[in-house]
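K.L.:
Before anything else, here's the structure in question.
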Amino acid sequence: MATAEGLLSPKQAQSIAQADAWLNIWEGSVRSGKTISSLLRWLMYVATAPRGGDLTVTGRTYDTVSRNVFGPLMDPAVVGPQVAKLVSYTRGSSVASILGRQIEVITANDARAEGRLRGLTGAGAYVDELTLMPKDFFSRLVDRQSIAGAKIFATTNPDNPAHWVKKDWLNRALELGIRTWHFTLDDNPALPAEYVARMKRAYTGLWYRRYILGHWVQSEGAIYEAFDEKRHVVQQLPRIDRWLCDAIDYGTVNPFSDLLIGLGTGADDVQRLYVVSEYRHDSRQARRQMTDAEYSQARRRWLAGTPHPQTNIIGVQPEWTVVDPSAASFIEQLFRDQVGNVTPADNSVIDGIRGVASLFAADRLHVHESCTGLIDELPGYSWDDAAAEKGEDKPIKKDDHSCDALRYGTRTTEALWRPYIPHLEVAA
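Counted the way our numbering counts, the sequence shown spans residues 490 to 917.
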């Protein structure tokens with residue numbers, strides 16, 4: 490069997506040929522070939538799916554569905570030009586067309602997602618990134634497949650071994666009559682050797698075991714295992730080419746942390762992100778709480794007095810001010826003070842952590858020695874063992890204020906810095 494790009498691996502071909510159970514799950518490491526296998530099998534199913542019911546594609550958001558599902562299905566290089574012409578989808582739409590069949594597109598990114606399945610009479614479904622679905626949503630989706638012969642096809646990256654997907658479904662595959670296939674990065678022979686080597690360098694610890702080896706492992710210990718003060722903390726900064734943002738974790742009783750992040754080229758001609766400066770106020774240590782207006786004024790003074798490295802210029806105006814999304818009153822204060830380009834931070838915790846971890850692992854993130862709050866927090870930033878036992882990946886909410894600001898800044902401005910650091914691999 491072959492795609493338009495070339496021959497499938499034996500494991501891919503086997504999974505497609507054997508995916509005839511009522512529920513079929515492809516799980517394993519990133520870029521291991523599981524998604525293409527599942528999509529080709531989904532195409533085959535749509536061509537012969539029972540009539541009289543709804544066919545559904547589900548994912549976390551419309552953007553992820555468009556990128557992960559319909560992007561490949563509409564790519565002639567993947568499915569061939571004749572098939573690609575028979576797949577139609579507009580990003581953000583709740584309806585698609587595959588091989589002449591109408592497809593309902595349903596997102597599942599919050600607790601209300603289950604209600605979107607009401608009235609569905611399922612004849613088959615494709616589920617993108619199963620571990621990111623709410624548990625109740627997937628249970629309802631399964632219950633809704635009431636047309637005789639209905640089948641579900643799902644993909645997922647590994648997660649915590651106590652995650653409901655692992656406990657309730659994968660571990661009970663034989664008992665429930667479902668089929669599963671485990672993929673590792675080395676199961677995809679189409680990947681160039683240099684890409685595989687780069688991926689293996691990009692991850693450490695937990696992320697390496699999950700996204701390279703495909704293991705379902707519990708989060709434990711330090712979050713940023715690759716962080717090395719001798720390597721990542723610098724005395725000298727290069728000239729900053731772009732002042733991307735100042736990123737704020739807001740606190741009144743807890744510390745208020747604001748990190749200034751820029752993009753520059755080091756002496757080794759490698760482009761990196763640099764945490765150039767830090768403003769931090771700890772009300773407990775200072776024995777004085779500050780108001781929103783005082784924080785805004787302090788921020789303005791701090792930026793106005795910050796020098797541009799390798800120049801005689803004083804004063805920085807970052808492209809964006811990224812603020813803790815829960816700090817609505819402070820965001821309003823910044824607007825009143827006519828601060829431009831203020832935006833709530835992208836608070837995707839695990840995605841943000843994974844991005845910072847990859848930056849450290851690839852030596853693409855350096856911190857100036859003056860940023861003592863961040864430097865003090867990074868080594869102790871750890872996973873919450875109690876949450877891990879419940880199948881959740883969460884950091885311990887203690888001494889994490891500058892770490893949160895770092896995550897906010899790098900995640901929210903990724904579209905700005907990504908073109909300059911194109912080969913950094915951050916698994917979705």
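Where is the CB? At the ideal position from N, CA and C, for every residue including glycine.
For clarity, every value in this text was computed on a predicted model and none was experimentally measured.
Which whole-angstrom value is the C-beta distance of Trp809 and Cys734, which I expect to be below 8 Å?
P.N.:
With a Cβ gap of about 4 Å, Trp809 and Cys734 count as contacting.
K.L.:
Thinking just about the alpha-carbon of each residue, which of Cys892, Arg907, Pro884 is nearest to the one in Leu867?
P.N.:
When only C-alpha atoms are compared, the closest one is Cys892.
K.L.:
Report the partner residues of His855 according to the DSSP bridge assignment.
P.N.:
According to DSSP, His855 bridges with Tyr763.
K.L.:
Could you check how far apart the C-beta atoms of Thr545 and Glu593 are, in whole angstroms? I think they sit under 8 Å.
P.N.:
Sure, about 5 Å apart at Cβ, within 8 Å.
K.L.:
For Leu905 versus Leu752, is the C-beta spacing smaller than 9 Å?
P.N.:
Taking 9 Å as the Cβ cut-off, Leu905 and Leu752 qualify as a contacting pair.
K.L.:
Skipping 5 residues on each side, what residues in its chain have a beta carbon closer than 7 Å to that of Ala793?
P.N.:
Counting only Cβ-Cβ distances below 7 Å, and skipping sequence neighbours, we find Gly804.
K.L.:
Give the C-beta separation of Lys523 and Thr644 to the nearest angstrom, bearing in mind that I take them to be a contact with Cβ-Cβ under 8 Å.
P.N.:
At roughly 5 Å, the Cβ-Cβ gap stays under 8 Å, so Lys523 and Thr644 are in contact.
K.L.:
Select from Ser504, Gln634, Ser527 the residue whose C-alpha is nearest the C-alpha of Gly542.
P.N.:
It is Gln634 whose Cα lies nearest to the Cα of Gly542.
K.L.:
What does a CB cutoff of less than 6 Å around Tyr897 pick up in its chain, not counting 5 residues either side in sequence?
P.N.:
Closer than 6 Å at the Cβ level, and outside the excluded window around Tyr897, lie Ala736, Val811, Ala834.
K.L.:
Per the contact definition of three or more C-beta pairs closer than 8 Å, is the segment 508–515 in contact with the segment 662–677?
P.N.:
Touching, yes.
K.L.:
Quick one: is Ala614 buried, meaning 16 or more other Cβ sit within 10 Å of its Cβ, or exposed?
P.N.:
Answer is buried; the Cβ neighbour count reaches 16.
K.L.:
Consult DSSP for Gln786 and reduce its assignment to one of helix, strand or coil.
P.N.:
If DSSP states are grouped into helix, strand and coil, Gln786 belongs with the helices.
K.L.:
Just the Cα atoms here: how many angstroms apart are Asp675 and Asp781?
P.N.:
Each residue's Cα considered, the two are about 52 Å apart.
K.L.:
Identify the residues that DSSP records as bridge partners of Phe745: which are they?
P.N.:
Beta-bridge pairing links Phe745 to His770.
K.L.:
Mind the definition here: the segment 700–713 touches the segment 818–836 only if three or more C-beta pairs lie below 8 Å; say whether that holds.
P.N.:
Result no; under three Cβ-Cβ pairs closer than 8 Å.
K.L.:
Under three-state DSSP, which class holds Phe642?
P.N.:
Three-state result, Phe642: strand.
K.L.:
Measuring CA to CA, which of Gly589, Met563, Asp865 is closest to Glu767?
P.N.:
Nearest of Gly589, Met563, Asp865 to Glu767, Cα basis: Asp865.
K.L.:
Can you give me the start and stop residues for the beta strand (DSSP E) that Val831 sits inside?
P.N.:
Run containing Val831: 831–833, per the beta strand (DSSP E) assignment.
K.L.:
Verify whether the separation of the beta carbon atoms of Val567 and Asn649 is less than 9 Å.
P.N.:
The answer is no: Cβ separation not under 9 Å.
K.L.:
Does Val845 come out as helix, strand or coil in the three-state DSSP assignment?
P.N.:
In this structure, Val845 counts as helix in the three-state DSSP scheme.
K.L.:
For Leu665, is the classification buried or exposed, using 16 other Cβ atoms within 10 angstroms of its Cβ as the cut-off for buried?
P.N.:
Label assigned to Leu665: exposed.
K.L.:
Taking the alpha carbon of Leu497 as the reference point, which residue from Ala679, Glu903, Tyr739, Glu618 has its own alpha carbon closest?
P.N.:
Here the closest residue by C-alpha is Ala679.
K.L.:
By the DSSP assignment, the alpha helix (DSSP H) with Arg825 in it spans what residues?
P.N.:
First-last of the alpha helix (DSSP H) with Arg825: 817–825.
K.L.:
Within a Cβ cutoff of 7 Å, which residues of the same chain sit near His912, ignoring the five residues on either side of it in sequence?
P.N.:
The answer, listed in chain order, is Arg687.
K.L.:
Would DSSP call Pro814 helix, strand or coil?
P.N.:
Coil.
K.L.:
Can you tell me whether Ile663 is buried or exposed? The criterion is at least 16 other CB atoms within 10 Å of its CB, across all chains shown.
P.N.:
At residue 663 the sequence reads Leu, which differs from the Ile that was named. Exposed: under 16 other Cβ atoms inside 10 Å.
K.L.:
Just how far apart, CA to CA, sit Asn660 and Ala651?
P.N.:
Asn660 and Ala651: Cα-Cα distance of roughly 10 Å.
K.L.:
Shortest alpha-carbon distance to Ile729 belongs to which of Arg605, Leu762, Ala637?
P.N.:
With distances taken between Cα atoms, Ile729 lies closest to Leu762.
K.L.:
May I ask which residues mark the beginning and end of the alpha helix (DSSP H) holding Asp738?
P.N.:
Premise fails: Asp738 lies in the beta strand (DSSP E), 729–738, not in any alpha helix (DSSP H).
K.L.:
Near His704, which residues of its chain fall below 8 Å by C-beta distance, leaving aside the five closest residues on each side in sequence?
P.N.:
Answer for His704: Pro647, Arg698, listed in chain order.
K.L.:
Might you give, ordered along the chain, the residues of its own chain that have their beta carbon closer than 7 Å to the beta carbon of Gly918, omitting 5 neighbours on each side?
P.N.:
Since the first and last residues shown for the chain are 490 and 917, residue 918 lies out of range.
K.L.:
Roughly how many whole angstroms lie between the Cα atoms of Asp852 and Val759?
P.N.:
Going by the C-alpha atoms only, they are around 9 Å apart.
K.L.:
Alpha carbon to alpha carbon, how far is Trp872 from Lys883?
P.N.:
Between Trp872 and Lys883, the C-alpha separation is close to 6 Å.
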